[in-house]
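First comes the structure, then the notes that go with it.
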Amino acid sequence: MSAAPQKAKAGAEKIEVTVSAVVPLNPLVTRFEFTRRDGQPFPPFSAGAHTVVEMRDGARTRLNPYSLMSDPGDSSIYAISVRRDDQGRGGSLFLHNQVKVGDPMTITYPVNLFPLDLRGRKHVFLAGGIGITPFLAMIAHLERMGGAWELHYSCRSKELGTYVDELTYKHPNKVHVYFDDQDQAIGLEDLLDGQPLGTHVYVCGPKGMIDWVHATAAAHGWPDENVHSEEFLAPQPGKPFEVRLCKSDITIQVGEHESLLEAMERCGVDAPFLCRGGACGQCETDVVSSDGDFVHRDHWLDDDEHASGKKIMPCVSRFVGKSLVLDR
Amino acid sequence: MSKFQFPPSISSRPVYGTLEPRPGKAHLMIADAEGAEALLDLAASDAALFANAHIIYIPKDTGETYVERLRALGPAQFYVGPSYAASVQRIRRVLSDAHMGLQVYLAGTEGLMGQAQNEAMQAGIPHGAIQTEHRGSVARRMQCVHCKGITEDVTTDPFVCSHCGLNLFVRDHYSRRLAAFQGVCIDAEDPGNVPEPVELYK
Amino acid sequence: MTIQFNTETFRDDYSFRNSDWAIKRFPFPFHEDSYMYSVNMEQHRGGPAGSVYEKRFDVDEHYVSEMADRAIVLAEDPLRCQSLPHMTLAGWDTLELIMVSKSEDYPDLFELHRDGDRWRWINKPMGIDHTFTFLDETTLPCGPLEYITRQAQGDYAVLDQRGDMLYMDAGMVTTQADWSLDFDIGMDFFEWHAPVPLAHEMGIFKRALKFLLNIQQGAPARRLNWTMTVNPLLDTSPENYHKWGVQKTTLTPENIGAKQHLRVELQTFYRLPRSNALLFPIRCYLIAFQDLVTVPKWGRRLHRVVRDLPEELATYKGFIANRPLMLDYLSRYDDGLPTSPGIWPDLETEPPLQT
Chain A
912 MSAAPQKAKA
922 GAEKIEVTVS
932 AVVPLNPLVT
942 RFEFTRRDGQ
952 PFPPFSAGAH
962 TVVEMRDGAR
972 TRLNPYSLMS
982 DPGDSSIYAI
992 SVRRDDQGRG
1002 GSLFLHNQVK
1012 VGDPMTITYP
1022 VNLFPLDLRG
1032 RKHVFLAGGI
1042 GITPFLAMIA
1052 HLERMGGAWE
1062 LHYSCRSKEL
1072 GTYVDELTYK
1082 HPNKVHVYFD
1092 DQDQAIGLED
1102 LLDGQPLGTH
1112 VYVCGPKGMI
1122 DWVHATAAAH
1132 GWPDENVHSE
1142 EFLAPQPGKP
1152 FEVRLCKSDI
1162 TIQVGEHESL
1172 LEAMERCGVD
1182 APFLCRGGAC
1192 GQCETDVVSS
1202 DGDFVHRDHW
1212 LDDDEHASGK
1222 KIMPCVSRFV
1232 GKSLVLDR
Chain B
2 MSKFQFPPSI
12 SSRPVYGTLE
22 PRPGKAHLMI
32 ADAEGAEALL
42 DLAASDAALF
52 ANAHIIYIPK
62 DTGETYVERL
72 RALGPAQFYV
82 GPSYAASVQR
92 IRRVLSDAHM
102 GLQVYLAGTE
112 GLMGQAQNEA
122 MQAGIPHGAI
132 QTEHRGSVAR
142 RMQCVHCKGI
152 TEDVTTDPFV
162 CSHCGLNLFV
172 RDHYSRRLAA
182 FQGVCIDAED
192 PGNVPEPVEL
202 YK
Chain C
3 MTIQFNTETF
13 RDDYSFRNSD
23 WAIKRFPFPF
33 HEDSYMYSVN
43 MEQHRGGPAG
53 SVYEKRFDVD
63 EHYVSEMADR
73 AIVLAEDPLR
83 CQSLPHMTLA
93 GWDTLELIMV
103 SKSEDYPDLF
113 ELHRDGDRWR
123 WINKPMGIDH
133 TFTFLDETTL
143 PCGPLEYITR
153 QAQGDYAVLD
163 QRGDMLYMDA
173 GMVTTQADWS
183 LDFDIGMDFF
193 EWHAPVPLAH
203 EMGIFKRALK
213 FLLNIQQGAP
223 ARRLNWTMTV
233 NPLLDTSPEN
243 YHKWGVQKTT
253 LTPENIGAKQ
263 HLRVELQTFY
273 RLPRSNALLF
283 PIRCYLIAFQ
293 DLVTVPKWGR
303 RLHRVVRDLP
313 EELATYKGFI
323 ANRPLMLDYL
333 SRYDDGLPTS
343 PGIWPDLETE
353 PPLQT
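These protein sequences, in sequence, are chains A, B and C. Anchor point for the first sequence: position 164 equals 1075 in our numbering, and the numbering is continuous, going up by one each time. Anchor point for the second sequence: position 128 equals 129 in our numbering, and the numbering is continuous, going up by one each time. Anchor point for the third sequence: position 48 equals 50 in our numbering, and the numbering is continuous, going up by one each time.
Laid out in structure tokens, this is it:
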């Protein structure tokens, strides 16, 4: 054994897969199923885990995290469901428009940043739109283990209610669906009221919904530890900027439609990552000096760290100003 | 003077705070002896809390000193028990009937708070969400790591295990699950060589 | 490779011995002539052929006797194996990981045949041939964690991960360096390490926790830790300290070479796939000073490490009283020559002891 500290690896271990099915579910959401190219079973995974999908789009490599929504008990396939984002940076468009059955792809081993608290007496799931995906795996897990759960699922309309029919057919008493276009809304205060001690709430959806659930639960005396959320941020486009990476001794340009992390990787500078969505903390980078303003978008650093100007999460955050020097 | 400042210690040793009113549907307050003073202080900052409060109070050797003052706070339910052991069935029943949004307030000796906290944790409340405030005796509840027996109200170091008779020194290592500090044989490597007991925190 | 299993004891008459093979593959923990805490993690993906790092779960000549010793400890004190109620799935994860690894790494000793959830497990050295249903506890004689760790060398701590913290929520602990699972179960990472001196102030545990939280499926890690034990006693538990502590006072210049053992823990870390818990196997290797000094490099280095170790550490590791005796003995195997870097014995390249 050496005493040398280990260089953190970029990303989790990889699995070579073939696209085995592409299933459009509604005008916006398509399911992609994968089988392993080496014929081995997939590793088991814990409900709530995501995989990072590598997309070779011409000269560009995109790496996007998606929740595994297949049954964790089924090691023959992994599946993700992807909402097309016409305003996004192209990852979902690439999957929707270019990926076909039979294509080879590379995905990572599962990484779980949104696990079930297995101590929970009961699990209450709150989903907004495509935020339903991790809950499909959690429901499959709890059904197998005999755990208590209920789902409250808010969607824009019947047409865009991904997996609504399947869920309500299988679990008519546990699934509650709310359609925006019918002016239906989750009655959060009522459903928080009267839950047995040891209940855990999980929310996956837009930021506003997550904040609302955390704030309402706290106001009703729920401990923070019993309220769980996951929101992967997609990096947002922004003005191009220049960054000096002092350890690597290069200066790189970050384009309008790429993240700082992607620009670093494009220039051959490996930064560790797991989620690429501002949640896992792996790519945290020290700022050596800066003259300008940070656009922090991550969930990892706290407010003081954001204000300090000493740290940045290059997967989702950007910079506007004269100069930025990072310790990479 | 019932407040005592514990010296800084290792990270498994519990740290106690000051009870503060928190939003919640119901409030369970468990106190022993001078712990009553912490509840009276809590009432001074938010008397309205007590309309939905259930107080379980074990006076120990303070007798009637605080009982009527606690009753005067007007809790929804008020129980005065002769000992923790006599009260624990009631505590378990209250917790099993409770719902999310319950706030738990513990005040008094380390032994009382540790045991009641353990009940609340087993009922599904994370320990970080349970408020505690130390008042009164600094005696410790000790587990003998050798025979597993618990000795209550230990005030000296070393002390004799009330179950197996070994001479034990008092560690700050603390188990929330057992609600006890760890006692370890002091003369294992030199049998019979036991220092004179000294009072804790002296 | 066929392993010849020893028949030996780790108590009473202490007939435990290391063969020449076991001595040469001993996981010597010092990569240089001094020691201080460090996180010292590396990937656990094999190692040199024949070394203790080669397989995921090392099986050696002590296997059968260590399992017999574990059975004695558990018969005396069943609380050495415990699992909080939410950790059963992690127990199944552990069973799966060990059965799959051992049957793949030692096909001559272990077999696993899976037909859906119907599993048949064959452990030849222990004479076990058992069919059970995966994830159905009623088909095993005890919980899944206890079942498999009664058949696997080393202690096992199973850590639940919640909100950026690890909790010691299950384990099998019978070969420990003086800590009690029964007392520590349920504690968080900082709490169960609370009694360790210096390392908290050095920020060691903060860094270690950050590393461990990010160990991912398919990428296990490992490190070495060490202490000292008089007699080859596996069960140096706090529970029995009032019985074994006195053995520390039995060292003499005549018996120290045979009685004093360096105790090394090969600690590995696996992310468990179904429960997202972290499995922390702690495998204990013992070597008598007289066997260790047959490797000249190790004799030189151990003398220097023991001599220069800070007093707090020698106290915490429990050998401050015996240090002078140890140094008297070890100094005879330190001729002052430089040592090669790294932990390997380097028998071919390092000079013999100069007298």
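Heads up, the beta-carbon is just placed ideally off N, CA and C, and yes, glycines get one too.
**Asked** Using a beta-carbon distance below 8 Å, is Arg-178 (chain B) in contact with chain A?
**Response** Closer than 8 Å to the CB of Arg-178 (chain B) there is not a single CB belonging to chain A.
**Asked** Which residues does DSSP pair with Val-1318 (chain A) in a beta bridge?
**Response** Chain A is shown from 912 up to 1239; residue 1318 (chain A) falls before or after that span and cannot be answered.
**Request:** Find the residues of chain B that neighbour Gln-1106 (chain A), judging by a C-beta separation of less than 7 Å, and give them in chain order.
**Result:** Listed along chain B are His-100, Met-101, each with a C-beta nearer than 7 Å to that of Gln-1106 (chain A).
**Request:** Give a yes or no on whether the minimum CB-CB distance between Glu-153 (chain B) and chain C is below 8 Å.
**Result:** With a threshold of 8 Å between beta carbons, Glu-153 (chain B) makes no contact with chain C.
**Prompt:** Rounded C-beta distance between Thr-2 (chain C) and Trp-246 (chain C)? I'm assuming under 8 Å.
**Reply:** No answer is possible for residue 2 (chain C): it lies beyond the span of chain C, which begins at 3 and ends at 357.
**the segment 189-197 of chain B / the segment 256-268 of chain C touching (three or more Cβ pairs under 8 Å)** = Segments in contact, no.
**Message:** Once DSSP output is grouped into helix, strand and coil, what is the label at Leu-1172 (chain A)?
**Reply:** If DSSP states are grouped into helix, strand and coil, Leu-1172 (chain A) belongs with the helices.
**Prompt:** Mind pulling the chain B residues with CB within less than 8 Å of Glu-1136 (chain A)?
**Reply:** The contacting residues are Pro-127, Gly-129, Ala-130.
**Within chain B, the residues that Phe-192 (chain C) reaches when beta carbons sit closer than 7 Å** = Correct list: Ser-12.
**Closer than 8 Å at the beta carbon, the chain B residues around Gly-247 (chain C)** = Within chain B, the residues near Gly-247 (chain C) are Cys-186, Ala-189, Glu-190.
**Request:** Please list, in chain order, all residues of the same chain as Ser-46 (chain B) whose beta carbon is under 8 Å from its beta carbon, the five residues on each side excluded.
**Result:** Result list for Ser-46 (chain B): Glu-21, Pro-22, in chain order.
**Prompt:** Which class does Ala-279 (chain C) belong to by DSSP, given the choice of helix, strand or coil?
**Reply:** Note: Ala-279 (chain C) maps to coil in three-state DSSP.
**Asked** Cβ of Gln-183 (chain B) less than 8 Å from any chain A Cβ?
**Response** So, not an interface residue.
**Asked** When you compare each of C:Asp-110, C:Phe-192, C:Trp-300, C:Asn-8 to Ala-290 (chain C) by their alpha carbons, which one comes out closest?
**Response** When C:Asp-110, C:Phe-192, C:Trp-300, C:Asn-8 are compared, the shortest CA-CA separation from Ala-290 (chain C) is found for C:Trp-300.
**Item:** Candidates A:Arg-1229, A:Glu-1173, A:Ala-1182, A:Pro-1183: closest to Ala-970 (chain A) by CA position
**Value:** If we check each option's Cα against that of Ala-970 (chain A), A:Glu-1173 comes out closest.
**Asked** What residues match up with Lys-1033 (chain A) in a beta bridge as DSSP calls it?
**Response** A:Thr-1110.
**Request:** Measure from the alpha carbon of His-88 (chain C) to the alpha carbon of each residue in A:Ala-960, A:Leu-1062, A:Leu-936, A:Met-1056, then state which is nearest.
**Result:** Closest option to His-88 (chain C), judged by alpha-carbon separation, among A:Ala-960, A:Leu-1062, A:Leu-936, A:Met-1056: A:Met-1056.
**Message:** I need the DSSP call for Gly-129 (chain B), collapsed to helix, strand or coil.
**Reply:** In the three-state reduction of the DSSP assignment, Gly-129 (chain B) falls in the helix class, which pools H, G and I.
**Request:** Whole angstroms is fine: what's the gap from Arg-1208 (chain A)'s alpha carbon to Asp-1238 (chain A)'s?
**Result:** Roughly 20 Å between the two C-alpha positions.
**Message:** Looking at Phe-160 (chain B): is its Cβ nearer than 8 Å to the Cβ of Val-146 (chain B)?
**Reply:** Not in contact: Phe-160 (chain B) and Val-146 (chain B) (Cβ atoms no closer than 8 Å).
**Message:** Strictly below 7 Å CB to CB, what residues from chain C border Leu-1030 (chain A)?
**Reply:** Sequence check: residue 1030 (chain A) is Arg here, not Leu. Chain-ordered, the chain C residues with CB closer than 7 Å to the CB of Arg-1030 (chain A) read His-88.
**Item:** Distance, Thr-929 (chain A) Cα to Phe-135 (chain C) Cα
**Value:** Looking at the sequence provided, one finds Thr at residue 135 (chain C) rather than Phe. So the two alpha carbons sit approximately 31 Å from each other.
**Item:** Span of the alpha helix (DSSP H) around Met-1056 (chain A)
**Value:** Here the alpha helix (DSSP H) through Met-1056 (chain A) covers 1044-1056.
**Request:** Within its chain, find whatever has a CB closer than 6 Å to the CB of Ala-34 (chain B); leave out the 5 residues flanking it on each side and keep chain order.
**Result:** So the qualifying residues of the chain are Lys-61, Thr-63, Gly-109, Gly-137.
**Request:** Check whether the Cβ of His-132 (chain C) lies closer than 8 Å to any Cβ atom in chain B.
**Result:** False, the Cβ-Cβ gap to chain B never drops below 8 Å.
**Message:** Taking the alpha helix (DSSP H) that Thr-96 (chain C) belongs to, which residues open and close that run?
**Reply:** Judged by DSSP secondary structure, Thr-96 (chain C) falls within the alpha helix (DSSP H) whose first and last residues are 90-107.
**Asked** Hey, Arg-1067 (chain A) and Asp-1094 (chain A) are a contact pair by Cβ (cut 8 Å); roughly how many whole angstroms apart?
**Response** Contact between Arg-1067 (chain A) and Asp-1094 (chain A) fails: their C-beta atoms lie close to 12 Å from each other, not under 8 Å.
**Asked** Does the beta-carbon of Lys-1081 (chain A) have 16 or more other beta-carbons within 10 angstroms, so that it is buried, or is it exposed?
**Response** Burial call: exposed.
**Asked** From the beta carbon of Asn-866 (chain A), is the nearest beta carbon of chain C less than 8 Å away?
**Response** Absent from the structure is residue 866 (chain A), since the part of chain A shown begins at 912 and ends at 1239.
**Asked** How many Å lie between Ala-914 (chain A) and Arg-225 (chain C) at the Cα?
**Response** Annotation note: pLDDT 35 at Ala-914 (chain A) (below 50); position unreliable, no value reported.
**Residue environment, His-132 (chain C), which counts as buried when at least 16 other CB atoms sit within 10 Å** = Exposed is the call here.
**Message:** Give me the DSSP bridge partner(s) of Val-1165 (chain A).
**Reply:** The partner list for Val-1165 (chain A) (beta bridge, DSSP) reads A:Phe-1152.
**Request:** Establish whether the CB of Gly-220 (chain C) and some CB of chain A are separated by less than 8 Å.
**Result:** At least one chain A Cβ lies under 8 Å of Gly-220 (chain C).
**Item:** Sequence-distant residues of the same chain with beta carbon closer than 8 Å to Lys-918 (chain A), five excluded per side
**Value:** Summary for Lys-918 (chain A): the model assigns pLDDT 42, below 50, so the residue's position carries little reliability; its value from the coordinates is reported in the next sentence. Around Lys-918 (chain A): no qualifying Cβ.
**Asked** Thinking C-alpha only, which one of C:Asn-278, C:Glu-148, C:Tyr-335 is nearest Leu-161 (chain C)?
**Response** Among C:Asn-278, C:Glu-148, C:Tyr-335, the Cα nearest to that of Leu-161 (chain C) belongs to C:Asn-278.
**Prompt:** Nearest to Arg-1135 (chain A) by CA position, among A:His-1125, A:Leu-1144, A:Tyr-977, A:Phe-1143, is which residue?
**Reply:** The question names Arg, yet the displayed sequence has Asp at residue 1135 (chain A). Ranked by Cα distance from Asp-1135 (chain A), the options A:His-1125, A:Leu-1144, A:Tyr-977, A:Phe-1143 are led by A:His-1125.
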